[in-house]
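Below: the structure, in structure tokens.
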Amino acid sequence: MIGWPRRSKGFGQILSLVVAAFICWPPSGLLAQPNELFQPEFFEPKAEACERSPAMEKYEAKLVDYLFENQQAGPRRQKRRSHALLLMKGHCVHLELYDLGFGPDNPHLLWSVSKSLSNLVIGRAVELGLLSLSDPLSLYFPESRYPFLRDLKLIHLLDWSSGVSWQETYEFSPLFSDVVAMLYTRGRRDMSKDVLGRKARAAPGEAFNYSTGDSTLLMGVLDRALKLSHRKGLRPSLPQTGRDFVQREFFDKLQINSAVWESDSKDQLVGGALAYASAPDLAKIGLFVLNQGRWNGEQLISKDWFENSFQVVDTYQGLGPARDGFPGRHWWLNRRDESKGRQKAWPDAPEDAVLAQGHWGQLLVLIPSQSLVLVRFGDELARSTDKNKVISLLSKWGAAKH
Amino acid sequence: MSQSRRKSRSLRRSTLNWRGARQSPLGLVLLLAVLVPSFLWLWTHWNYLSNFPGIISNYYARHFCSCVYVMQQSEEFCHDWTQQWIPIQSFEHQPERHEVVVVGLWQKATANWLGPETGCRLQ
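Those protein sequence lines, which keep their order, are chains S and R. Just so you know, the working numbering puts 272 at position 272 of the first sequence, and the rest follows in order with no gaps. For any residue, its number in the working numbering is found by taking its place in the second sequence, counting from 1, and adding 402.
What follows is the structure, given as structure tokens:
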């Protein structure tokens, strides 16, 4: 993997944990070989980002004890169980830990973390002038008979406020789940059509409803926009399909090699659920976000995109605390809002924490003010991991001095 | 007054007679009371219900395929990873064709690995 320094993988016997790399230890090792990929724009190789201290080790041990508490192989249960944990401070990886058959090169199913990746892909398309957030869906799906097609805009999909009637339930209630039906039965051949074939529950932009359908439709829009653009002879330098766009304009730009994104029979990517990436590659995406869209000397997504994405969406009414955080534009936030009486979602975590999160315990945690990234892959039934605890431990780890 | 009393008595008698003759509409009414709402429920939820049996095999085939070919895990791990509450009836993995065929709830599903970027897809 280009530009991703890593020592050889070691295999521990006890708990079969694998401590794969402490690349910043000893600190002189890093300073002797600064990693050119991650600087100099935002993350200058500051020595303190790579310094180690006993206090940090204490918090690392707490995080590992908590997340790797029950590492029993076998079918998924309620008990917390982890496949990977990666901690970064600035440009420096401090801890990489794998278990139960996973290592640094295994792509892991991201479930709804894919949604946050879709946000970045759409951000890239907006940056290149291919899409605009005010584009109505009637532009890309003229054949659809969805009642609010002209009023339904890209921004409503990003805000999970499309108004499309949608039941978001998983294995505990598969019978009436629109996600399950879209992914495996009714919609599997053409997911965009399936989403737009639902009834309207509200006018676009009026009501918040977390929906894998909205997120998947984003990728349908991307694919249609590229095809439309080529038919009109516009932007010939851009790829002709959504898949090629994501590969060339997103993964390749970030030098990400492990990512896989599955699709429906029309090869439109399942933007809401079925992306895979290795832990180091997901951390890289986290770093790209902390870098506010700049990578390898190129501003791939404008800073404004991140600022706008990290605001709690207007249609969301919750006041907190909330175990899953507050919805931003396909990212999850901890922002207070005095005017609305909104308290922090995770009381012990910093207010600027940003999360991408997926089913069965997939997590990408970012704390921009402390330049921290945490990647965790899990395999447990819903809500076994206390995010308030994980984020606050990460923050304390980042602040720990000697 | 006496007339109405007489009427109600005769009504009661007639009901008893009907029951005795096993021609009471009560059974039919009860049956309809169960059937009609059930039918309405089935009708309004048919979109979901008709799809349900396919979920088990499609889910298993798709995620087993991705588990082996995308996440690069062992078959043993992938059976645990993919297991659901309703067990499947048959399972077949053909590595030379990159194909996983699963039968569950009498529905057959096939998933194929299409390549390193595309991963697996249901047929």
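Beta carbons: idealized from backbone N, C-alpha and C, even for Gly. All of these numbers come straight from a predicted model, not from anything done at the bench.
- Looking at the DSSP output, Trp295 (chain S) shares a beta bridge with S:Glu298.
- With 16 or more other Cβ atoms inside 10 Å of its own Cβ, Pro280 (chain S) counts as buried.
- Chain S has no Cβ within less than 8 Å of the Cβ of Thr446 (chain R).
- Taking C-beta atoms as the reference points, Pro327 (chain S) and Tyr210 (chain S) count as a pair closer than 8 Å.
- Taking 8 Å as the cut-off, the beta carbon of Gln357 (chain S) is found no closer than this to the beta carbon of Ser395 (chain S).
- Selection S:Lys266, S:Arg198, S:Leu381, S:Arg323 evaluated against Lys389 (chain S) yields S:Arg323 as nearest (Cα-Cα).
- Remark: C-beta atoms of Leu95 (chain S) and Leu85 (chain S) approach each other more closely than 8 Å.
- Taking 8 Å as the cut-off, the Cβ atoms of Val375 (chain S) and Leu366 (chain S) do not count as close.
- In terms of Cα proximity to Glu498 (chain R), the closest of R:Lys510, R:Val431, R:Cys467 is R:Cys467.
- Of all residues in the stretch 142 to 170 of chain S, none has a C-beta nearer than 7 Å to a C-beta of chain R.
- Annotation: Cβ neighbours of Gly456 (chain R) in chain S (cutoff 8 Å, chain order): Tyr184, Thr185.
- Contact between Leu117 (chain S) and Leu131 (chain S) is absent: CB atoms are separated by about 16 Å, not below the 8 Å threshold.
- Between the C-alpha atoms of Thr185 (chain S) and Pro239 (chain S) there is a straight-line separation of about 30 Å.
- Residue ranges of uninterrupted alpha helix (DSSP H) with 4 or more members, entirely inside the stretch 130 to 216 of chain S and ordered along the chain, are 154 to 158, 178 to 184, 191 to 196.
- Within the stretch 91 to 113 of chain S, the residues whose Cβ lies closer than 7 Å to any Cβ of chain R are, in chain order, Gly101, Asn106, Pro107, His108, Leu109.
- Annotation for Arg523 (chain R): the continuous beta strand (DSSP E) segment containing it runs 521 to 524.
- Less than 8 Å separates the beta-carbon of Lys62 (chain S) from that of Leu393 (chain S).
- Secondary structure note for Asn106 (chain S): it is in no beta strand (DSSP E), with a DSSP letter that is neither H nor E.
- Using a CB distance cut-off of 8 Å, Leu175 (chain S) counts as an interface residue toward chain R.
- If you look at Tyr461 (chain R), you'll find it in the alpha helix (DSSP H) that goes 454 to 471.
- For Tyr450 (chain R), the enclosing alpha helix (DSSP H) has its first and last residue at 448 to 451.
- When CB distances to chain S are screened at a threshold of 8 Å, the residues of the stretch 472 to 491 of chain R falling below it are Val472, Met473, Gln474, Gln475, Ser476, Phe479, Asp482, Trp483, Gln485, Gln486, Trp487, in chain order.
- In summary, the residues of the stretch 67 to 82 of chain S whose CB is separated from some CB of chain R by less than 8 Å are Ala73, Gly74, Pro75, Arg76, in the order they occur in the chain.
- Judged by their CB atoms, Gln78 (chain S) and Ser384 (chain S) are nearer to each other than the 8 Å cut-off.
- The stretch 194 to 205 of chain S makes contact with the stretch 161 to 178 of chain S; the number of CB pairs closer than 8 Å reaches 3 or more.
- Counting the other CB atoms within 10 Å of its CB gives His447 (chain R) a total below 16, which places it among the exposed residues.
- Ala273 (chain S) is positioned such that its CB atom lies no closer than 8 Å to that of Ser173 (chain S).
- When secondary structure is reduced to three states using DSSP, Ala277 (chain S) falls in the strand class.
- Minimum Cα-Cα distance from Gly242 (chain S) among the listed residues S:Pro107, S:Arg124, S:Asp337 corresponds to S:Arg124.
- Nearest in C-alpha terms to Lys387 (chain S), of all of S:Pro75, S:Arg80, S:Met56, S:Gly197, is S:Arg80.
- At a cut-off of 8 Å between beta carbons, Leu507 (chain R) makes no contact with chain S.
- Proximity of chain S to Thr520 (chain R) at the Cβ level (cut-off 9 Å) is accounted for by Arg243, Val260, Trp261, Glu262, Ser263, Asp267, in chain order.
- Nearest CB-CB separation between Asn514 (chain R) and chain S: not below the 8 Å threshold.
- Contact between the stretch 186 to 200 of chain S and the stretch 251 to 270 of chain S is established, with three or more Cβ pairs separated by less than 8 Å.
- Check the Cα spacing between Asn460 (chain R) and each of R:Val502, R:Ser426, R:Trp483: the tightest is with R:Val502.
- For Glu478 (chain R), the number of other beta carbons within 10 angstroms of its own is below 16, and it is reported as exposed.
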